[in-house]
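Line order of the protein sequences matches chains A and B. When you number the first sequence by UniProt numbering, it's gap-free, plus one each residue, and the end is 178. When you number the second sequence by UniProt numbering, it's gap-free, plus one each residue, and the end is 880. Some notes on the structure that comes next.
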Amino acid sequence: MEGSLLEPTLYMVKGIAILDNDGNRILAKYYDKNVFPTAKEQRAFEKNLFSKTHRANAEIIMLDGLTCVYRSNVDLFFYVMGSSHENELILMSVLNCLYDSVSQILRKNVEKRAVLDSLDIVMLAMDEICDGGIIIDADSNSVVSRVALRNDDIPLGEQTVAQVIQSAKEQLKWSLLK
Amino acid sequence: MSAFKRDKKEEEDGGGNPFQNIEKTTVLQEARVFNDTTINNRKCTHILTKLLYLLNQGEQLGTKEATDVFFSMTKLFQSKDVILRRMVYLGIKELSSIADDVIIVTSSLTKDMTGKEDLYRAAAIRALCSITDATMLQSIERYMKQAIVDRNSAVSSAALVSSLHMTKLAPEVVKRWVNEAQEAVNSDNIMVQYHALGLLYHIRKTDRLAVTKLVAKLTRMSLKSPYAVCMLIRITAKLLEEEDSGNDSPLFEFIESCLRHKSEMVVYEAAHAIVNLKRTTSRELAPAISVLQLFCGSPKPTLRFAAVRTLNQVAISHPAAVTACNLDLENLITDANRSIATLAITTLLKTGAESSVDRLMKQIASFVSEISDEFKVVVVQAIRALALKFPRKHSVLMNFLSAMLRDEGGLEYKASIADTIITIIEDNPEAKEAGLAHLCEFIEDCEHTSLAVRILHLLGKEGPRTKQPSRCIRFIYNRVILENPTVRAAAVSAMAQFGATCPDLLENIQVLLARCQMDSDDEVRDRATYYSSILGQQDKSLYNNYILETLQVSIPSLERSLKEYTQSPSDQPFDIKTVPIATIPTREETELEKHKAEGMIISNGPAKPAVVSREENFAEKLSAIPGIAELGPLFKSSDVVELTESETEYFVRCIKHCFTNHVVLQFDCLNTLSDQLLEEVRVQLDPSEGYSVLKEIPCPKLPYNETGTTYVVLRFPENDLPNSVGTFGAVLKFIVKDCDPNTGLPDTDEGYDDEYMLEDLEITLGDQIQKINKANWAAAWDEAAPLCVEMEDTYSLSSMSTLEEAVKNIIQFLGLQPAERSDKVPEGKTTHTLLLAGMFRGGIDILVRAKLALADGVTMQLTVRSTDGDVAELITSTVG
Numbered sequence: 001m002e003g004s005l006l007e008p009t010l011y012m013v014k015g016i017a018i019l020d021n022d023g024n025r026i027l028a029k030y031y032d033k034n035v036f037p038t039a040k041e042q043r044a045f046e047k048n049l050f051s052k053t054h055r056a057n058a059e060i061i062m063l064d065g066l067t068c069v070y071r072s073n074v075d076l077f078f079y080v081m082g083s084s085h086e087n088e089l090i091l092m093s094v095l096n097c098l099y100d101s102v103s104q105i106l107r108k109n110v111e112k113r114a115v116l117d118s119l120d121i122v123m124l125a126m127d128e129i130c131d132g133g134i135i136i137d138a139d140s141n142s143v144v145s146r147v148a149l150r151n152d153d154i155p156l157g158e159q160t161v162a163q164v165i166q167s168a169k170e171q172l173k174w175s176l177l178k
Numbered sequence: 001m002s003a004f005k006r007d008k009k010e011e012e013d014g015g016g017n018p019f020q021n022i023e024k025t026t027v028l029q030e031a032r033v034f035n036d037t038t039i040n041n042r043k044c045t046h047i048l049t050k051l052l053y054l055l056n057q058g059e060q061l062g063t064k065e066a067t068d069v070f071f072s073m074t075k076l077f078q079s080k081d082v083i084l085r086r087m088v089y090l091g092i093k094e095l096s097s098i099a100d101d102v103i104i105v106t107s108s109l110t111k112d113m114t115g116k117e118d119l120y121r122a123a124a125i126r127a128l129c130s131i132t133d134a135t136m137l138q139s140i141e142r143y144m145k146q147a148i149v150d151r152n153s154a155v156s157s158a159a160l161v162s163s164l165h166m167t168k169l170a171p172e173v174v175k176r177w178v179n180e181a182q183e184a185v186n187s188d189n190i191m192v193q194y195h196a197l198g199l200l201y202h203i204r205k206t207d208r209l210a211v212t213k214l215v216a217k218l219t220r221m222s223l224k225s226p227y228a229v230c231m232l233i234r235i236t237a238k239l240l241e242e243e244d245s246g247n248d249s250p251l252f253e254f255i256e257s258c259l260r261h262k263s264e265m266v267v268y269e270a271a272h273a274i275v276n277l278k279r280t281t282s283r284e285l286a287p288a289i290s291v292l293q294l295f296c297g298s299p300k301p302t303l304r305f306a307a308v309r310t311l312n313q314v315a316i317s318h319p320a321a322v323t324a325c326n327l328d329l330e331n332l333i334t335d336a337n338r339s340i341a342t343l344a345i346t347t348l349l350k351t352g353a354e355s356s357v358d359r360l361m362k363q364i365a366s367f368v369s370e371i372s373d374e375f376k377v378v379v380v381q382a383i384r385a386l387a388l389k390f391p392r393k394h395s396v397l398m399n400f401l402s403a404m405l406r407d408e409g410g411l412e413y414k415a416s417i418a419d420t421i422i423t424i425i426e427d428n429p430e431a432k433e434a435g436l437a438h439l440c441e442f443i444e445d446c447e448h449t450s451l452a453v454r455i456l457h458l459l460g461k462e463g464p465r466t467k468q469p470s471r472c473i474r475f476i477y478n479r480v481i482l483e484n485p486t487v488r489a490a491a492v493s494a495m496a497q498f499g500a501t502c503p504d505l506l507e508n509i510q511v512l513l514a515r516c517q518m519d520s521d522d523e524v525r526d527r528a529t530y531y532s533s534i535l536g537q538q539d540k541s542l543y544n545n546y547i548l549e550t551l552q553v554s555i556p557s558l559e560r561s562l563k564e565y566t567q568s569p570s571d572q573p574f575d576i577k578t579v580p581i582a583t584i585p586t587r588e589e590t591e592l593e594k595h596k597a598e599g600m601i602i603s604n605g606p607a608k609p610a611v612v613s614r615e616e617n618f619a620e621k622l623s624a625i626p627g628i629a630e631l632g633p634l635f636k637s638s639d640v641v642e643l644t645e646s647e648t649e650y651f652v653r654c655i656k657h658c659f660t661n662h663v664v665l666q667f668d669c670l671n672t673l674s675d676q677l678l679e680e681v682r683v684q685l686d687p688s689e690g691y692s693v694l695k696e697i698p699c700p701k702l703p704y705n706e707t708g709t710t711y712v713v714l715r716f717p718e719n720d721l722p723n724s725v726g727t728f729g730a731v732l733k734f735i736v737k738d739c740d741p742n743t744g745l746p747d748t749d750e751g752y753d754d755e756y757m758l759e760d761l762e763i764t765l766g767d768q769i770q771k772i773n774k775a776n777w778a779a780a781w782d783e784a785a786p787l788c789v790e791m792e793d794t795y796s797l798s799s800m801s802t803l804e805e806a807v808k809n810i811i812q813f814l815g816l817q818p819a820e821r822s823d824k825v826p827e828g829k830t831t832h833t834l835l836l837a838g839m840f841r842g843g844i845d846i847l848v849r850a851k852l853a854l855a856d857g858v859t860m861q862l863t864v865r866s867t868d869g870d871v872a873e874l875i876t877s878t879v880g
């Protein structure tokens, strides 16, 4: 039990990952040089993490020396990793912020296709949530306000056909749901 | 309709991923668009996204590629598009570590960070700090200071976070921003407050007084940010742990008051801190426990997890305190999250009394088939702990384990059960027969070769000493008929062990071995022939050396030595005595390993490099130092001895490295004075009689807060063993140069000599002895009788009041390895025999038998057998 008093440091997050429903990486960042330094190790860890979490929707797991909190929606899995002694609730707050930000960016349409279509914005959001392992912001509203949303300011003419169809689909979906 | 179908199909096979088939070279090609005179924002953003996506997927760029793309990226600063600009910042951060000359964008970024566009400023600061080095930092210092106290919270946060990153590069520069950070702590924004506290603490953490002041001030002013409060709790807990004041101090009160905070995060942090403070008493624990108990019933899995994990920790140190939560924990056994369930079980098992074992086992049995293998392993580990705690319950537990063995399961799971049974057998002689019988049955249908081999090895070791060894042999020989070559070979080795230990079975074994010599596999035939011919000699000492004892040397060292030998062939035959002996992990180390794995799933990731022994590590380091390499192989390295108090000006620790005829003293010195630079640091020894100092290797430079190493090489007294145990006076000598605490540069070139008294250093008997594990101590003892010198003496150890204490002290003093588990004193006995084995430097074997009797203190009769009379005499004379 000795030594499990937490060292006072801002470097709390060891990694953040977004995986698809096959366990492939969409985005992932690892912030500690000592935790999975190579891409190969990261992949192996993600594969393992996914296999342990994709069926049981249990929110938290300890794996390979890390505490991982996770959340999934349709075909996406969001993970936040911290050291095994880390305050789980803080990690959870980061995860919630990540999920809510993505959800707001994608207008509640949290699925792989939508993430890939707005990958640039999602990247920016991830960068606004955590910088080098330090939590920058854990409030999704403020994160979203910091990553300028774009979709509104593109004139219709400049959108590609696919995008127009996509947004039409979206509109249809929402109108059906109402 | 057909279009719809195609669309659906596309979606199914992931054709919707626009990033699926992109290649590095194509993207780099496309990135040339960045250089166009008119910039197409959308297109460039998309290309940049693709590039970042590739990097994120683990694609590597060469320095040239990275530099090229970096430079074209800088062209994008012309565009006014917000997203594109922000993506450029991301790109800069990603490439800053790979590309050359990244400082080229400094001016562009400085312009953005001081500009009007708020969306740029924060991100620009962070990008700027990723490309800045220590010298450049001075030039942007002014802007950073302004940014820290900026009214925009994002800018302020970004500046604080970046400053913290920069402390790694230029701690001295960042230290000057402490006033700004102080101001930022008072910010209304919760994140700014948190980051400011983090930075402030980091700057001041080496200065205890400043931290105390900081904590005293902040605990009074009730911080807004829950994150900052968590941080403050951690700082306070650390301070409490280092301080000696009682728990009634205001610091503890602060942590306790946080248990009533409105944020769960803070409440948990406080409970966690109280639980983990070393001197928390059970009374002080109570409020923390009741908070955790409340969390156990929370609908949020994370909260339940956090609570039960912390309770699990408490159960190790204060099992009684947790019993209040037993009901809640029992409810958690059926939790949907298996991590929570398993932690709940292990906690219950730790707190459980002997009477509740049966009930708990029933509960576990009810759901063990539903959980996955990893969690089964955790349960098995908990059962192992339980078996060690309540040895009398072994039959219940053993039955349970053997039932689990028969169930389906993977190798890891089965191996952990087998491990547990083996531990129980070793720990509890009463359980041995039953345990071996279970294992015998298990190998009858064990599909895992490696596990079968291990069990066969164990049967070979333990089987001959059971009441009916012949029963085991039947099971073992069955393997020879039915299994694959690896298992057959292991079975042959196991049988040979029976032949060597049980003379009345020898004949039968020889018959079985003869049959094995017809085997189709080379290895099996070889082993059978080898053992059969040794057993044919009827010579006890041959049995001992070639069948019963295992290799003592450390395997990685052996591998290295053999490699060296084959690379530089010589006429001399290879001498196995030159290979360092494997160190035996102490009990504490193995215990530690166990605790670490609590509730954690460890996957078999990429194999880690084989663990090298401590000696091996030191040997490598020492051989790099001229003058030490020629001393021969390193024999033993002692534990670390502290020669100063830890809070003094200079902190010196010593490790004694023992060679065949020499001892090398390694002094690790730490300079804790920020205004001094030490040079030519060395330790002057006043050696005891017979020792001669051969060489001193000083440490040329010892700046503030760094550890430097100086060595002294001594020769053991020649032909005078009694004097090799001695006490040395030691003085640290050095040249002091006063220096500027901020830069670390000396004020003048002239220094002055100074010295610092160290505590005396002892070379003990234990330093010169390496532990050796003797599997069959009794045989070795008998065998040694004709070859060795025997010395015997009787001592009265009046200071010891129990046998356990005496055993512990003797082992520690002599530095020998207890054999045949004789370090465990059975309860309630007044006599005990301790069997020890080891090797004196120079490869001299030592066997020691200590007969202990308890009566008004402990009386000990010590018998030493050694191949060298002087060594035996040395041991008997130093004891007492």
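The C-beta atom is built at its ideal place from N, Cα and C for all residues, glycine as well. Keep in mind that this is a model prediction, so the values were computed, not measured.
When Cβ atoms are compared, which residues of the region 179 to 210 of chain B fall closer than 9 Å to chain A?
Those residues of the region 179 to 210 of chain B that come within reach of chain A (Cβ to Cβ, closer than 9 Å) are I190, M191, Y194, H195, L197, G198, L199, Y201, H202 and K205.
Identify whether A/M92 lies in helix, strand or coil by the three-state DSSP scheme.
In this structure, A/M92 counts as helix in the three-state DSSP scheme.
Does the beta carbon of A/R146 sit closer than 8 Å to a beta carbon anywhere in chain B?
Output row for A/R146: interface = yes.
Under 9 Å Cβ-Cβ, which residues of chain B neighbour A/S93?
In chain order: P226, Y227 and M265.
From B/F367 to B/V380, what does the alpha carbon distance come to, in whole angstroms?
Each residue's Cα considered, the two are about 13 Å apart.
Name the chain A residues that come within less than 7 Å of B/M221, Cβ to Cβ?
Per Cβ cutoff of 7 Å: no residues; B/M221 is ~18 Å from chain A at best.
Check whether chain A comes within 8 Å of B/Q57, counting only Cβ atoms and requiring the distance to be less than that.
It does: the Cβ of B/Q57 has a partner Cβ on chain A nearer than 8 Å.
Report the rounded CA-to-CA distance for B/A872 versus B/I846, giving the unit in angstroms.
Their Cα atoms are separated by approximately 8 Å.
Using a Cβ-Cβ cut-off of 8 Å, state whether B/P301 counts as contacting chain A.
For B/P301, the answer is yes, since a Cβ of chain A falls inside 8 Å of its Cβ.
Which residue's Cα is closest to the Cα of B/E269: B/F295, B/L732 and B/R283?
It is B/F295 whose Cα lies nearest to the Cα of B/E269.
Just checking my contact of B/V713 with B/V664 at CB under 8 Å: how many whole Å lie between their CB atoms?
Their Cβ separation, rounded to whole angstroms, is 5 Å, which keeps B/V713 and B/V664 in contact under 8 Å.
Report all residues from its chain with a CB closer than 7 Å to the CB of B/M791; omit the five preceding and five following residues, and keep chain order.
Counting only Cβ-Cβ distances below 7 Å, and skipping sequence neighbours, we find V864, A872, E873 and T876.
Between the region 498 to 518 of chain B and chain A, which residues of the former have a C-beta closer than 7 Å to a C-beta of the latter?
The residues in question: there are none.
Using the beta-carbon count (16 or more within 10 Å), is B/H595 buried or exposed?
Reliability of the predicted coordinates at B/H595 is poor, the pLDDT of 46 falling under 50, and the value obtained from them is presented with this limitation in mind. That one is exposed.
Could I get the ranges of all uninterrupted beta strand (DSSP E) runs contained in the UniProt domain "AP complex mu/sigma subunit" (12 to 152) of chain A, with 3 residues as the minimum, in chain order?
If we require 3 residues or more, the beta strand (DSSP E) runs fully inside the UniProt domain "AP complex mu/sigma subunit" (12 to 152) of chain A come out as 13 to 20, 25 to 30, 60 to 63, 66 to 73 and 76 to 83.
Going by DSSP, which residues form a beta bridge with B/Q684?
Paired residues: B/V731.
Would B/F19 count as contacting chain A if we go by Cβ distances under 8 Å?
B/F19 counts as touching chain A.
Cβ of A/A58 less than 8 Å from any chain B Cβ?
With 8 Å as the cut-off, A/A58 counts as an interface residue toward chain B.
With DSSP as the reference, identify every bridge partner of B/H448, one or two as the case may be.
B/H448 is not bridged to any residue.
Looking only at its chain, what residues have a beta carbon closer than 6 Å to the beta carbon of B/A629, apart from the 5 residues adjacent to it on each side?
Cβ neighbours of B/A629 beyond the five flanking positions: S623.
Can you tell me which residues form a DSSP beta bridge with residue 903 of chain B?
Coverage of chain B is limited to positions 1 through 880, which leaves residue 903 of chain B absent and any answer about it impossible.
Listed from N- to C-terminal order along the chain, which residues in the region 304 to 333 of chain B have their beta-carbon within a distance smaller than 7 Å of any beta-carbon of chain A?
Those residues of the region 304 to 333 of chain B that come within reach of chain A (Cβ to Cβ, closer than 7 Å) are F305, A306, Q313, I316 and S317.
Would you tell me roughly how many angstroms separate the C-alpha atoms of B/I104 and B/R176, rounded to the nearest one?
One C-alpha to the other measures close to 26 Å.
Among B/D358, B/D419 and B/I364, which one has its Cα closest to the Cα of B/R392?
Checking every option, the nearest Cα to that of B/R392 belongs to B/D358.
So, helix, strand or coil for B/R304, using DSSP?
If DSSP states are grouped into helix, strand and coil, B/R304 belongs with the helices.
Would you call the region 105 to 124 of chain A and the region 65 to 81 of chain B touching, i.e. three or more CB-CB distances under 8 Å?
They do not touch, by the three-pair rule.
If the cut-off is 7 Å on Cβ atoms, which residues from the region 68 to 90 of chain B count as contacting chain A, listed in chain order?
For the region 68 to 90 of chain B, which is checked against every Cβ of chain A, the residues closer than 7 Å are V82, I83, R86, M87 and L90.
Given B/I47, which residues of its chain have a CB within under 7 Å of its CB, disregarding the five upstream and five downstream residues?
Around B/I47: V27, E30, A31 and V33.
Using 8 Å for Cβ pairs, my map puts B/I534 next to B/I547. What's the rounded Cβ distance?
Confirmed, Cβ separation roughly 6 Å.
Can you pull the chain A residues whose beta carbon is under 7 Å from the beta carbon of B/Y268, in chain order?
Within chain A, the residues near B/Y268 are N87 and L89.
Pick out the complete alpha helix (DSSP H) segments inside the region 85 to 155 of chain B, 4 residues or longer, and give them in chain order.
Correct list: 106 to 114, 118 to 131 and 134 to 148.
Counting beta carbon pairs with one atom in the region 154 to 165 of chain B and one in the region 118 to 137 of chain A, are three or more of them shorter than 8 Å?
Touching, yes.
How big is the Cα-Cα spacing for B/T867 and B/M839?
C-alpha separation (whole angstroms): 10 Å.
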